[in-house]
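What follows is a short report on a single structure.
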Amino acid sequence: TLLVDDEEGGVVFLSSSASSASSSGFGYASLERQRQRLPVYKYRKAILYLVERHATTIVVGETGSGKSTQIPQYLKEAGWADGGRLIGCTQPRRLAVQTVASRVAEEVGVKLGEEVGYTIRFEDQTNPVVTMIKFLTDGVLIREMMEDPLLTKYRRKNSLLGSSDDMPNPEPAILSVEGKGYTVEVHYVEEPVSDYLLAAVNTVLLIHEKEPPGDILVFLTGQDDIDTAVKLLNEEIQHRRKHYFDLLILPLYSGLPRADQDLIFAPTSKGKRKVVISTNIAETSLTLEGVVYVVDTGFSKQKCYNPISDIESLVVAPISKASARQRAGRAGRVRPGKCFRLYTEEYYLNEMQPEGVPEMQRSNLVPCIIQLKALGIDNILGFDWPASPSPEAVIRALEILYSLGILDEDAKLTVPIGFQVAEIPLDPMISKMLLSANDFGCSDEILTIASFLSVQSVWVSVRGVKKEFDEAKLRFAAAEKKVVDIRGQLLRLMKRFGIPLKSCDRDMQSVRKAIIAGSFANACHLEEYSQNGMYKTIRTSQEVYIHPSSVLFRVNPKWVVYQSLISTDKHYMRNVIAIEPSWLTEAAPHFYQYRTPNPALN
Ligand code: ADP
14 TLLVDDEEGG VVFLSSSASS ASSSGFGYAS LERQRQRLPV YKYRKAILYL
64 VERHATTIVV GETGSGKSTQ IPQYLKEAGW ADGGRLIGCT QPRRLAVQTV
114 ASRVAEEVGV KLGEEVGYTI RFEDQTNPVV TMIKFLTDGV LIREMMEDPL
164 LTKYRRKNSL LGSSDDMPNP EPAILSVEGK GYTVEVHYVE EPVSDYLLAA
214 VNTVLLIHEK EPPGDILVFL TGQDDIDTAV KLLNEEIQHR RKHYFDLLIL
264 PLYSGLPRAD QDLIFAPTSK GKRKVVISTN IAETSLTLEG VVYVVDTGFS
314 KQKCYNPISD IESLVVAPIS KASARQRAGR AGRVRPGKCF RLYTEEYYLN
364 EMQPEGVPEM QRSNLVPCII QLKALGIDNI LGFDWPASPS PEAVIRALEI
414 LYSLGILDED AKLTVPIGFQ VAEIPLDPMI SKMLLSANDF GCSDEILTIA
464 SFLSVQSVWV SVRGVKKEFD EAKLRFAAAE KKVVDIRGQL LRLMKRFGIP
514 LKSCDRDMQS VRKAIIAGSF ANACHLEEYS QNGMYKTIRT SQEVYIHPSS
564 VLFRVNPKWV VYQSLISTDK HYMRNVIAIE PSWLTEAAPH FYQYRTPNPA
614 LN
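The following block contains the structure:
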């Protein structure tokens, strides 16, 4: 049985084949009572009935109504996991996979990783023998489909052979799970605010001063501004003292360590007020009980892709009305709540977009097209997309995939490179670099580089304060351990592909050439000498700059290749190496001759 959670609309799709006997569930009393209070509980029988009779069941319900945590348990209690079968439940985000799995393990009363487990990229917390309920990201499921297109471990053993009487109805069944939240009173600012971060901090302090008990959820955009807000609030608490000490300030973003995740969900102790400062992950992917006040800055960090410049970046952008309503709804979980919008009512009514742009239309399609091809879907241009990407974006992606040698002239995955890239759980450009490393005799070094690129930066700036320095070292240690683990997993893949581990013994030119084999499309040329010189991308002549965290910042080599871009006031290149221009034509002759008849390259 497979549950696919679509966080946007609060919908779960269940698809199954045929059914089974029943057994009764058990649990700890108070947790059991919490389970029974969730809106899906009333529909337990209806859900089990529909799933028996329909190949696909769609359950629609508000965020937090219990779709992800409860339905897998109902199915398990009804015997769907008997006989070595597996109940899978996908979540769009890694953090949601981890927190939901840990909650379900607690409700079932088992250790996480045994009967209830999870799998996210580079982290498998399941046991092949005993796991019955497995949470996973969409991406992990797609990878499993590549190895096993019929997803046999999620099916009843004899379901493909059953008589026609046992066959479920191929029409999907749709069930709406009602359970509205409480009313939420919405407040707007009278004048536009110039600094939403400061405004959010002040609003939290004001709520604490004026409003009765209840936790506060603040929507900011990313780890940087969340950390700043946490720091500012803690300073204010130290400064104001007295009843401000009742505030407990907690950050929430993906990549948060396990201990901090637990704090987010721990019940607030009496007399305290929890303030969770979150990215938009708390908008639809996670539900925090106890939130009565929401502070909505009106912004989130969004992926954005421009097929003309071929630049994909994360930018802070205004949210849509649909998101604003969803954010406000988070305040009405346990009782009537209040939402403080840090924008004017006039702006909400007249300027905010009604709906956000689907992610498919804001993304570079390279990873998506490889996945479709690997699943055997060849006609990309005629594919029935839920939200069609622009033809330019499709063509851009096909162009790059062709020049990377991942697709052939008929736009089919190449053997073995294309199929191997599809199997490696990394950005395709990094995967290609890994597969090319052998040609340059530096697979050992490239494996390490690829592993480091898979974790958030391990480097932090240290400003001489002892405490910060110690924390910095700890963060480095944690990230380094993870890198070693990822390296081990990638090494096993390389072995399977028959790529030997070989070191080039500090021949950095070979290492840089191997990097270019994957990242040649990200080449840039220095246009303007200055303190931090301006570069232009060779492909599309976009202005870009070296990120201050790079060792090449202010060195300004004439030619560089970058691995990623982040966009704030400018486009900044991160993970940059200096190159020789002739290496580009060597690495990708079609690409550079066809795209750019640039005299500097000859
Ligand atoms: P849905 O899938 O319908 O959005 P969920 O099943 O994820 O809803 O959530 C149901 C309830 O379980 C929510 O009230 C949520 O707060 C609670 N919950 C989810 N994860 C945890 C956790 N790790 N700790 C405590 N409560 C949790």
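For the sequence shown, UniProt numbering begins at 14 and goes up steadily by one. Each residue gets a CB set at the ideal place from its N, CA and C atoms; glycine is no exception. Small disclaimer: the values here were computed from a predicted structure and weren't measured.
Neighbourhood of residue i by C-beta distance below 7 Å, restricted to the same chain and skipping five residues each side
i, result
"R212", "The question names Arg, but residue 212 in the sequence shown is Ala. The residues are V206 and L355."
"D421", "T427"
"G194", "E75, G342, G345 and R346"
"H67", "P181, N182, E184, P185 and A186"
"E458", "S516, C517 and V524"
"W398", "M373"
"N247", "I262"
"V110", "Q104, Y131, I133, F148, L149 and T150"
Selected residue, minimal CA-CA separation from residue i, among the options
i, options, result
"L125", "P105, R134 and I146", "I146"
"K55", "S43, K80 and A68", "K80"
"I294", "L439, L269, S523 and M586", "L269"
"Q555", "A400, K571, N319 and S333", "N319"
"L210", "H200, V202 and L233", "L233"
"V142", "T112, V17, G97 and A118", "G97"
"I499", "D520, F510, I462 and G531", "I462"
"P594", "L99, A536 and R587", "A536"
"D259", "K283, D238 and A530", "K283"
"Q366", "P331, H252 and I443", "P331"
"T550", "A534, S543 and L565", "A534"
"G531", "R156, L578, R505 and I419", "I419"
"Q576", "F510, F465 and M507", "F465"
"R106", "V153, E90 and N140", "V153"
"P226", "Y257, P570 and C381", "Y257"
"K413", "K351, E493 and D323", "The residue asked about is misnamed: residue 413 is Ile in this sequence, not Lys. Nearest C-alpha to I413: D323."
"N78", "F135, L88, D18 and T70", "Note that residue 78 corresponds to Ser in the displayed sequence, not to Asn. When each option's Cα is compared against that of S78, the closest is D18."
Residue i: CB within 7 Å of a non-hydrogen atom of the ligand ADP
i, result
"K80", "yes"
"E302", "yes"
"R116", "yes"
"T103", "no"
"F148", "no"
"residue 675", "With the chain covering 14 to 615 only, the question about residue 675 has no answer from this structure."
"Q555", "no"
"T14", "no"
"T112", "yes"
"D137", "no"
"D18", "yes"
"T76", "yes"
"Q502", "no"
"Q86", "no"
"Q339", "no"
Range covered by the alpha helix (DSSP H) that runs through residue i
i, result
"A530", "M521 to S532"
"G431", "I430 to E436"
"M158", "D151 to E160"
"F465", "S456 to L466"
"P404", "P404 to S416"
Contact set for residue i: own chain, Cβ-Cβ below 8 Å, skip 5 residues either direction
i, result
"G40", "In this predicted model, G40 has a pLDDT of only 38, less than 50, meaning its place in the structure is not dependable; the value taken from the coordinates is given anyway. Answer for G40: R48, E120, V121 and G122, listed in chain order."
"Q339", "T76, E296 and T297"
"L321", "The question names Leu, yet the displayed sequence has Ile at residue 321. Only E405 and T553 meet the Cβ criterion."
"L174", "In this prediction, L174 scores a pLDDT of 39, lower than 50, which makes its location untrustworthy; the coordinate-derived value is nonetheless stated afterwards. There are no such residues."
"D520", "G454 and C455"
"Q138", "A114, L125, G126, G130, Y131 and T132"
"I579", "S326, L327, H560, Y585 and R587"
Nonlocal neighbours in the same chain, by C-beta distance under 6 Å from residue i, ignoring five residues either side
i, result
"S189", "V73"
"F453", "S523, K526 and A527"
"H603", "S416"
"S37", "At S37, the pLDDT of 36 sits below 50, so the modelled position is not reliable; the number obtained from the coordinates is stated separately. Excluding sequence neighbours, S37 sits near nothing in its chain."
"A34", "Residue placement at A34 cannot be trusted, given a pLDDT of 33 that sits under 50; what the coordinates show is reported in the next sentence. Cβ neighbours of A34 beyond the five flanking positions: G92."
"D144", "According to the sequence as given, residue 144 is Thr; it is not Asp. Correct list, in chain order: G130."
Residue interval of the beta strand (DSSP E) (run including residue i)
i, result
"Y167", "Where Y167 is concerned, there is no enclosing beta strand (DSSP E), given that its DSSP letter is neither H nor E."
"I590", "H584 to A591"
"residue 7", "Residue 7 lies beyond the stretch modelled for the chain, which goes from 14 to 615, so this question has no answer here."
"L327", "I324 to P331"
"R375", "Run containing R375: none; DSSP gives neither H nor E here."
"N319", "F312 to N319"
"L578", "W572 to S580"
Decide yes or no for the touch test of the stretch 575–585 against the stretch 505–517: beta carbon pairs closer than 8 Å, at least 3 of them.
At 8 Å Cβ cutoff, the stretches do not touch.
Are the stretch 80–96 and the stretch 256–274 touching by the rule of at least three beta carbon pairs closer than 8 Å?
Taking one beta carbon from each stretch, the stretch 80–96 and the stretch 256–274 have fewer than 3 pairs nearer than 8 Å; the two do not touch.
Any 3 or more C-beta pairs closer than 8 Å across the stretch 224–233 and the stretch 376–392:
Too few Cβ pairs lie closer than 8 Å, so no.
Would you call the stretch 351–365 and the stretch 195–203 touching, i.e. three or more CB-CB distances under 8 Å?
Contact holds: three or more Cβ-Cβ distances are below 8 Å.
Given 8 Å, three or more beta-carbon pairs between the stretch 158–165 and the stretch 297–312
Touching, no.
Tell me whether the stretch 283–293 and the stretch 252–270 touch, counting them as touching only if at least three CB pairs, one residue from each stretch, are closer than 8 Å.
Contact between the stretch 283–293 and the stretch 252–270 is present, because at least three Cβ pairs lie under 8 Å.
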